[in-house]
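Trainee:
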Amino acid sequence: MFIVKVPGINGLGKTNGCEKAGNVIIDALREIYTNEQGKEINVDNLDLEEIHLNNSNLELTNELIYKNSFEAFETKPKTVFIGGDHSVSYSITRAFFDYCQNSEREPCLIVFDAHADCMKPMKEPTHEEWLRRLIDDGFPVKNILLVGVRNSWKDELEFLKKNKIRIITMNQFIEDLQDTCDVIMEFSKNKELYISIDIDVIDSAFAPATAYREPGGLTSRQFIYLIQRLNKIKNLRAVDIVEINPEKDKEGLTVKLGAKILGELI
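Going by my numbering, the first residue of the sequence shown is number 16, and it counts up by one from there.
1) To the nearest angstrom, how far is it from the Cα of I40 to the Cα of D191?
2) Which residues bound the beta strand (DSSP E) around L161?
3) From which residue to which residue does the alpha helix (DSSP H) around L277 run?
4) Do the stretch 84–96 and the stretch 171–183 meet, that is, are 3 or more Cβ pairs less than 8 Å apart?
5) Looking at the secondary structure, which residues open and close the beta strand (DSSP E) in which V21 lies?
6) On a CA-only basis, which of M16, N38, G278 and Y209 is nearest V126? Give me that one, please.
7) With DSSP run on the structure shown, which of helix, strand or coil describes Y227?
8) Assuming E173 is part of the beta strand (DSSP E), what are its boundary residues?
9) Can you check DSSP and say which residues form a bridge with L208?
10) DSSP puts E55 in a beta bridge; with which residues?
11) Less than 7 Å between the C-beta atoms of S211 and F221, yes or no?
12) For G37, which of helix, strand or coil comes out of DSSP?
13) L175: which of C133, K271, Q193 and M200 sits nearest, CA to CA?
14) Pull up the distance between the alpha-carbon of F112 and that of P155, whole angstroms please.
15) Hey, would you say V254 sits closer than 7 Å to A43, going by beta carbons?
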């Protein structure tokens with residue numbers, strides 16, 4: 016597995032600090048000696064790189080993220096990208112979309128997020144509208160699944176309804192976690208799969224160090240179970256983990272959870 020640190024931020028000042036998450040999560044991973052599948056974790060043996068970015072030049076930042084991501088899709092069987100805020104997901108998923116088109120493969124995107132991220136996009140998409148920009152670029156809406164969304168603007172809801180984008184609500188998880196996992200896995204069948212994880216999909220009691228904390232999310236245990244299931248999908252090509260802010264993580268709980276999720280993907 017290839018791991019790429021992507022220290023990009025474009026959150027209108029609300030996500031400052033997220034650019035430090037990659038290094039801190041990797042440091043926390045050193046304290047996890049095996050994952051729950053019994054696989055030994057040795058950070059020094061990981062295939063690990065960083066995209067060096069200048070967040071004061073967003074156009075160049077997005078170009079670098081796109082270029083490096085596209086190369087990863089062409090050369091690596093599975094890649095985990097560590098942000099950064101959710102704005103980095105636009106350039107990564109756009110590269111994924113283009114890679115799939117070039118290789119005549121069907122792309123699938125599953126987004127775990129408390130928010131829809133479908134506000135009207137700016138020139139350089141922020142963490143609040145990256146998904147809408149991707150949809151405007153032509154990513155097939157029938158292959159997008161939003162999971163855990165529980166606080167959206169009216170305009171976003173209208174956009175989601177207009178484009179018939181499928182959403183799995185928190186109540187669906189509560190009613191039957193295993194069945195919901197089956198539904199998610201079936202959704203990605205016979206497609207190239209990209210999973211985007213905004214840490215705020217997890218309840219703020221378990222992941223407080225993020226820009227927009229939302230109550231009523233998944234427990235950390237539920238999400239770990241879920242990611243263990245999804246990691247068994249043979250066509251899983253990429254995962255991103257974003258919106259972890261070490262500067263807000265006074266007890267290190269959110270960073271440790273990010274490292275735990277990364278460890279279960281190894």
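For glycine and all other residues, C-beta sits at the position ideal for the given N, C-alpha and C. Please read all numbers here as calculations on a predicted model, not as lab measurements.
Mentor: Reading from the atomic positions:
1) 31 Å
2) I159 to V162
3) L268 to L280
4) no
5) F17 to V21
6) Y209
7) coil
8) From DSSP, E173 is part of no beta strand (DSSP E) but of the alpha helix (DSSP H) over K169 to K177.
9) C123 and L251
10) T49
11) no
12) helix
13) C133
14) 9 Å
15) no
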